[in-house]
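First comes the structure, then the notes that go with it.
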Amino acid sequence: ATLTLTNVTDVDFGSIIASTQASTVTIDASSGAATPSVTAGNAAVSGGTSGLVTVGTNIDATVTVSYAITGADTTVQTLEDGTNDMTITNASITANSTATNMAITVAGPNQIHIGGELQVGINQTPNTYTGTIVCTVNY
-17 ATLTLTNVTD
-7 VDFGSIIAST
3 QASTVTIDAS
13 SGAATPSVTA
23 GNAAVSGGTS
33 GLVTVGTNID
43 ATVTVSYAIT
53 GADTTVQTLE
63 DGTNDMTITN
73 ASITANSTAT
83 NMAITVAGPN
93 QIHIGGELQV
103 GINQTPNTYT
113 GTIVCTVNY
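Heads up, the final residue of the sequence shown is numbered 121 in the working numbering, and it's a clean run with no missing numbers.
Put into structure tokens, the structure is as follows:
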């Protein structure tokens, strides 16, 4: 059996304007494509989207999907700009993405939507923050 994963869209938490309160920006993609929203605090967010990975296959099967932020700490990781960071956890990615057990078919479409919760600090320094989320599919 062959599985081919294709990254279609990167996770993008959008343009965030931090405030005098710590805030949480959430992309809840557990039910499909989603956009970011502020779920705690009073930061502002515009733009952005959940990630999308497609799975090509030559079998019909149930697979297990797992998500992980890469880095030294496998539970809590950060998006970084070189000096500053914002926290995101593997648990928040798993909770806000396609379920970890997924049926796939030859006919498709087999889509994995990826989200998460980003912790924005008080007066977070404006910049471009980046990181890597790894999506693994096992059957």
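Don't be surprised by glycine CBs; every beta carbon is placed ideally from N, CA and C.
Around the Cβ of Ser32, a 10 Å sphere holds 16 or more other Cβ atoms; the residue is buried. Closest in alpha carbon position to Ala4, among Thr112, Ile104, Leu34 and Cys117, is Ile104.
In this structure, the alpha-carbon of Asn109 lies about 34 Å from that of Asn92. The beta-carbon distance between Thr(-14) and Val35, rounded to whole angstroms, is 10 Å. This is too long to meet the 8 Å contact definition. Under the 10 Å beta carbon count, Ala(-17) is surrounded by fewer than 16 other beta carbons and is classified as exposed. With contacts defined as CB atoms closer than 8 Å, Val45 and Cys117 fail to qualify as a contacting pair. Taken in chain order, the unbroken stretches of beta strand (DSSP E) that lie wholly in the region -1 to 68 and span 3 residues or more are 5 to 9, 19 to 22, 26 to 28, 33 to 39, 43 to 51 and 58 to 62. Annotation for Ala0: Ala25, Val102, Asn105 and Gln106 place their beta carbon closer than 6 Å to its own, counting only its chain and skipping 5 residues before and after. Ranked by Cα distance from Ser19, the options Val27, Ser12 and Ser13 are led by Val27.
Inclusion of Asp10 and Asn78 in the CB contact set at 8 Å is warranted, their separation being smaller than that value. Under a 10 Å Cβ-count criterion, Thr87 is classified as exposed, with fewer than 16 other Cβ atoms of the shown protein chains found around its own Cβ.
In the structure shown, the three-state DSSP call for Ile96 is strand. Between Ile75 and Ile96 the beta-carbon gap is near 7 Å, inside 8 Å, which marks them as a contact. Comparing alpha-carbon positions, the option among Val(-10), Gly23, Gly14 and Ile41 lying closest to Thr2 turns out to be Gly23.
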